[in-house]
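These notes are about the structure you will find just below.
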Ligand code: FES
């Protein structure tokens with residue numbers, strides 16, 4: 001084999017390797033795009049609520065992942081609950097998924113309680129189960145505090161702390 005042939009083979013080998021490496025890179029990029037959730041799906045998982053305009057004692061209801069979410073800014077007269085209150089900018093809030101933990105009916109807010117009409121379950125102002133068949137308090141959705149905003153759908157040390165206690 002001549003020296004010229006050997007050089008040519010080395011060059012062709014290197015060229016094939018380069019083409020294979022570039023092809024492999026673009027295949028990985030395409031596979032990642034396929035696996036990643038669509039932007040619309042990502043956005044649907046999070047809901048941001050600005051708590052600053054909320055009035056004390058008024059129930060604010062929003063929807064997160066098709067579930068009703070109750071947000072109540074507590075008044076000074078309402079019992080504080082360190083195991084469940086979400087504290088944002090010095091104010092205490094009840095934040096919970098508005099589905100009864102018995103069989104999933106939506107409780108209504110009346111006179112400082114959440115009352116489930118389906119089987120008479122009652123939750124207190126903080127969402128603790130206090131009467132009837134509900135096996136536990138209203139669930140707290142995963143949240144993160146961002147200034148005066150609550151980001152639902154993201155966990156945080158504050159959320160983890162409450163979930164351990166609630
Ligand atoms: S579903 Fe609420 S008490 Fe049964």
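Residue numbers (UniProt numbering): 1 to 166.
We put the beta carbon where it would ideally sit given N, CA and C, even for glycine.
Spatial distance of residue i from residue j (CA atoms)
i, j, result
"residue 114", "residue 59", "11 angstroms"
"residue 162", "residue 155", "11 angstroms"
"residue 116", "residue 130", "12 angstroms"
"residue 53", "residue 77", "20 angstroms"
"residue 165", "residue 121", "21 angstroms"
"residue 149", "residue 49", "5 angstroms"
Member of the options whose CA lies at the smallest distance from the CA of residue i
i, options, result
"residue 94", "22, 73, 100", "73"
"residue 97", "160, 64, 27, 144", "64"
"residue 85", "160, 4, 5", "160"
Residue i Cβ short of 7 angstroms to the ligand FES heavy atom set
i, result
"residue 105", "yes"
"residue 118", "yes"
"residue 68", "no"
"residue 60", "no"
"residue 134", "yes"
For residue i, the residue or residues it bridges with in DSSP
i, result
"residue 50", "149"
"residue 96", "70"
"residue 108", "115"
"residue 59", "72"
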